[in-house]
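Scroll down for the structure; my scribbles are underneath it.
In our numbering, the protein residues as written are 24 to 458.
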């Protein structure tokens, strides 16, 4: 997927990409968070940094100068929103990019075993959803409780919380009174799988549409009791209220039609994205590292992720995605490596946690900052949100590699940046290359 990144992440009319499949003696492939994109960003973002260095330009400034307005890889169709520039500008400011660069340079001039460096990387992903349909039912009962029936599953990302918040906002029902029935092929409706960073932007609009349909039916029932046209009424604070005369109100539990039928069922669907445009979430990440000139040990001191995924639906779940994605990217950069028995069976050799090194609390900095860029996209869908789960992992490893280069002047092109690989490169580098 490097060709997609090269064509779409930056404005560049002179792009030619050739991809070749390499068949190896191993098990079948499996998709992993943003498949292909962390690898593509690992290459592209180091090339962009090297270009900036050779022309004497700041890496952030070079990227901002080439922010795209259209998708070159999709026939020049425009992006509905391009949050990359905001990610770069606001992320650099929040991180203290200029101050960090100066501080790292001063620390290197002071000498010592540990060299400090800063780096950054950017990325984009496909998480605009809209390819798969979704159907949702919202049931409002006479006792004021709500049942949300949806097909999407919650794999620990807070999907149920976000969907309940949407219903609560539209119907004015406390979260505690919303019961969610989900991911059951026997009782729930069709939904997209919880993957591809498309759960919220696919299921969320259908949930809101169902809640709005439910609200419209409640208002229509109340109109008969109040003797007013439905267009003159609105749902507010657990009652149907006349817009021009708020004193004329009817609590939902007292609507005669609702008392007779006991439940109102709202139905909502998610339609396809608008034609002729592209919807992508964007990201920029910044980090500061220390590198031991003798051993090659890398310490990640702090990280900031600036992410634009449309409307921020829930700040806590947003931040948790950023923390987890950056942690996973640190593993890709520094510790994780698949070792195969290439000569014999092709099987994985380091299949246990003792041998396959995922990052621990020692490798992950305490200072990981999530910096959301809240740019709702109402033209995209009914909630104005894009996906977030996978973009957070895309630029992380590249940002670390660029920071390592800033620290010791050594460019590592293979992952992981482990002690053996980096120490050998530092020792082999000429003094001029390390300056």
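Backbone N, C-alpha and C fix where the C-beta goes; we use that ideal spot for every residue, glycine too.
Give me the Cα-Cα distance between residue 129 and residue 31, rounded to the nearest whole angstrom.
Position 106 of the chain shown, counted from the start, is the residue given in the question as residue 129. Position 8 of the chain shown, counted from the start, is the residue given in the question as residue 31. Roughly 36 Å separates the two Cα atoms.
Going by CA-CA distance only, name the one from 224, 209 and 291 that's closest to residue 406.
In the chain shown, the residue the question calls residue 406 occupies position 383. Ranking the options by Cα distance to residue 406, first place goes to 224.
What's the gap between the Cα of residue 438 and the Cα of residue 153?
Numbered from its first residue, the chain shown carries residue 438 at position 415. Numbered from its first residue, the chain shown carries residue 153 at position 130. Their backbone Cα atoms lie some 34 Å apart in a straight line.
Is the number of C-beta pairs between the segment 424-432 and the segment 123-138 that are closer than 8 Å three or more?
Touching, yes.
Give me the Cα-Cα distance between residue 84 and residue 384, rounded to the nearest whole angstrom.
Residue 84 sits at position 61 when you count from the first residue of the chain shown. Residue 384 sits at position 361 when you count from the first residue of the chain shown. Cα-Cα distance, rounded: 33 Å.
Looking at residue 100: is its Cβ nearer than 8 Å to the Cβ of residue 301?
Translated into positions along the chain shown, residue 100 becomes position 77. Translated into positions along the chain shown, residue 301 becomes position 278. Cβ distance < 8 Å, so residue 100 and residue 301 count as in contact.
Mind reading off the beta-carbon distance from residue 416 to residue 61? Whole number of angstroms is fine, and I expect it under 8 Å.
Taking the first residue of the chain shown as position 1, residue 416 is located at position 393. Taking the first residue of the chain shown as position 1, residue 61 is located at position 38. Indeed they touch by this definition, with Cβ atoms about 6 Å apart.
Go ahead and pull the three-state DSSP assignment for residue 100.
Along the chain shown, one-based indexing puts residue 100 at 77. In the structure shown, residue 100 sits in a strand (DSSP, three-state: E or B).
Residue 97 to residue 340, Cα distance in whole Å?
Taking the first residue of the chain shown as position 1, residue 97 is located at position 74. Taking the first residue of the chain shown as position 1, residue 340 is located at position 317. Cα to Cα, residue 97 sits roughly 31 Å from residue 340.
Evaluate residue 450 with the Cβ neighbour count: other Cβ atoms within 10 Å of its Cβ, from every protein chain shown; 16 or more gives buried, anything less gives exposed.
Taking the chain shown and counting its residues from 1, one reaches residue 450 at position 427. That one is exposed.
Could you name the residues of the same chain whose beta carbon sits closer than 7 Å to that of residue 422, not counting the 5 residues immediately before and after it, in chain order?
For the purposes of this step, residue 422 is taken as residue 399 along the chain shown, with counting starting at 1. Here the set comprises 142, 143, 144, 308, 309 and 310.
State yes or no: is the C-beta of residue 159 within less than 8 Å of the C-beta of residue 202?
As a position in the chain shown, residue 159 is number 136, starting the count at 1. As a position in the chain shown, residue 202 is number 179, starting the count at 1. No; because the gap between Cβ atoms is not below 8 Å, this pair is not in contact.
So, under 8 Å CB-CB, residue 186 and residue 171 are touching, yes? Tell me the CB distance rounded to an integer number of Å.
For the purposes of this step, residue 186 is taken as residue 163 along the chain shown, with counting starting at 1. For the purposes of this step, residue 171 is taken as residue 148 along the chain shown, with counting starting at 1. With a Cβ gap of about 6 Å, residue 186 and residue 171 count as contacting.
On the premise that residue 332 lies in contact with residue 229, defined as a C-beta separation below 8 Å, what is that separation, rounded to the nearest angstrom?
Locating residue 229 in the chain shown gives position 206, counting from the first residue. Locating residue 332 in the chain shown gives position 309, counting from the first residue. About 18 Å; that fails the 8 Å criterion.
Return the CA-CA distance between residue 371 and residue 411, expressed in angstroms with no decimal places.
Within the chain shown, numbered from 1, the residue matching residue 371 stands at position 348. Within the chain shown, numbered from 1, the residue matching residue 411 stands at position 388. Each residue's Cα considered, the two are about 30 Å apart.
What ranges does the beta strand (DSSP E) occupy inside the segment 234-273, keeping only unbroken runs of at least 3 residues that lie completely in it?
Those beta strand (DSSP E) runs which fall completely within the segment 234-273 and span 3+ residues are 256-259 and 262-265.
In whole angstroms, give me the CA-to-CA distance for residue 413 and residue 281.
Within the chain shown, residue 413 is the residue found at index 390, counting from 1. Within the chain shown, residue 281 is the residue found at index 258, counting from 1. Approximately 43 Å, taken between the alpha carbons.
For residue 258 and residue 38, I'd like the C-alpha separation in whole angstroms.
For the purposes of this step, residue 258 is identified with residue 235 of the chain shown, where counting begins at 1. For the purposes of this step, residue 38 is identified with residue 15 of the chain shown, where counting begins at 1. The straight-line gap from Cα to Cα measures roughly 53 Å.
With DSSP run on the structure shown, which of helix, strand or coil describes residue 380?
Locating residue 380 in the chain shown gives position 357, where the first residue counts as 1. Coil, per DSSP.
To which residues does DSSP link residue 173 through a beta bridge?
For the purposes of this step, residue 173 is taken as the residue at position 150 of the chain shown. Looking at the DSSP assignment, residue 173 forms a beta bridge with 205.
Check whether the segment 385-397 and the segment 347-361 are in contact - that is, three or more C-beta pairs closer than 8 Å.
Output reads yes: the segment 347-361 touches the segment 385-397.
Pick from 261, 255 and 277: whose alpha carbon is nearest that of residue 267?
If you number the chain shown from 1, residue 267 lands on position 244. Nearest option by C-alpha distance: 255.
Looking only at its own chain, which residues have a Cβ that is under 6 Å from the Cβ of residue 253, when we skip the five neighbours before and after it?
Working through the chain shown from its first residue, we reach residue 253 at position 230. Once the five neighbours on either side are set aside, the close Cβ partners of residue 253 are 242, 243 and 246.
For residue 391, which beta-bridge partners are listed by DSSP?
Mapped onto the chain shown, residue 391 falls at position 368. DSSP output for residue 391 lists 326 as bridge partner(s).
Within the same chain, show all residues whose beta-carbon is closer than 8 Å to that of residue 260, passing over the 5 residues directly before and after it, in chain order.
Within the chain shown, the letter at position 237 stands for residue 260. For residue 260, where only same-chain residues beyond five positions count, the Cβ hits under 8 Å are 195.
When the distance is taken between beta carbons, is residue 330 closer than 8 Å to residue 110?
Here residue 110 is taken as the residue at index 87 of the chain shown, counted from 1. Here residue 330 is taken as the residue at index 307 of the chain shown, counted from 1. In contact: residue 110 and residue 330 (Cβ atoms closer than 8 Å).
At the level of alpha carbons, what is the spacing between residue 366 and residue 26?
Counting from one through the chain shown, the residue named residue 366 turns up at place 343. Counting from one through the chain shown, the residue named residue 26 turns up at place 3. Their Cα atoms are separated by approximately 31 Å.
Would the C-beta of residue 412 count as close to the ligand MN, meaning under 7 Å from any of its heavy atoms?
With respect to small molecules bound, the structure shown includes none, and the ligand MN cannot be examined in it.
With DSSP as the reference, identify every bridge partner of residue 143, one or two as the case may be.
Sequence index remark: in the chain shown, residue 143 carries index 120 (1-based). Note: residue 143 sits in a beta bridge opposite 309.
What's the C-alpha gap between residue 164 and residue 205?
Locating residue 164 in the chain shown gives position 141, where the first residue counts as 1. Locating residue 205 in the chain shown gives position 182, where the first residue counts as 1. Each residue's Cα considered, the two are about 18 Å apart.
Since I believe residue 314 is in contact with residue 427 (beta carbons under 8 Å), could you give me their beta-carbon distance rounded to a whole number of angstroms?
Residue mapping note: residue 427 aligns to position 404 of the chain shown, counting from 1. Residue mapping note: residue 314 aligns to position 291 of the chain shown, counting from 1. Going by Cβ atoms, the distance from residue 427 to residue 314 rounds to 6 Å, so yes, they are a contact pair.
Mark residue 303 as exposed unless 16 or more other C-beta atoms lie within 10 angstroms of its C-beta, in which case mark it buried.
The residue you call residue 303 lines up with position 280 of the chain shown. The residue in question, residue 303, is buried, as its Cβ has 16 or more Cβ neighbours within 10 Å.
Could you give the DSSP three-state label for residue 447: helix, strand or coil?
Position 424 of the chain shown, counted from the start, is the residue given in the question as residue 447. Note: residue 447 maps to helix in three-state DSSP.
Give the DSSP-derived three-state secondary structure of residue 289 in the structure shown.
On the chain shown, position 266 is the one that residue 289 refers to. Residue 289: strand per DSSP, three-state reduction.
Below 8 Å CB to CB, which residues in the same chain sit around residue 33 once its five sequence neighbours on both sides are set aside?
Here residue 33 corresponds to residue number 10 of the chain shown, with the count starting at 1. Answer for residue 33: 71, 86, 89, 90 and 91, listed in chain order.
With 16 other CB atoms within 10 Å as the buried threshold, where does residue 146 fall?
Numbered from its first residue, the chain shown carries residue 146 at position 123. With 16 or more other Cβ atoms within 10 Å, it is buried.
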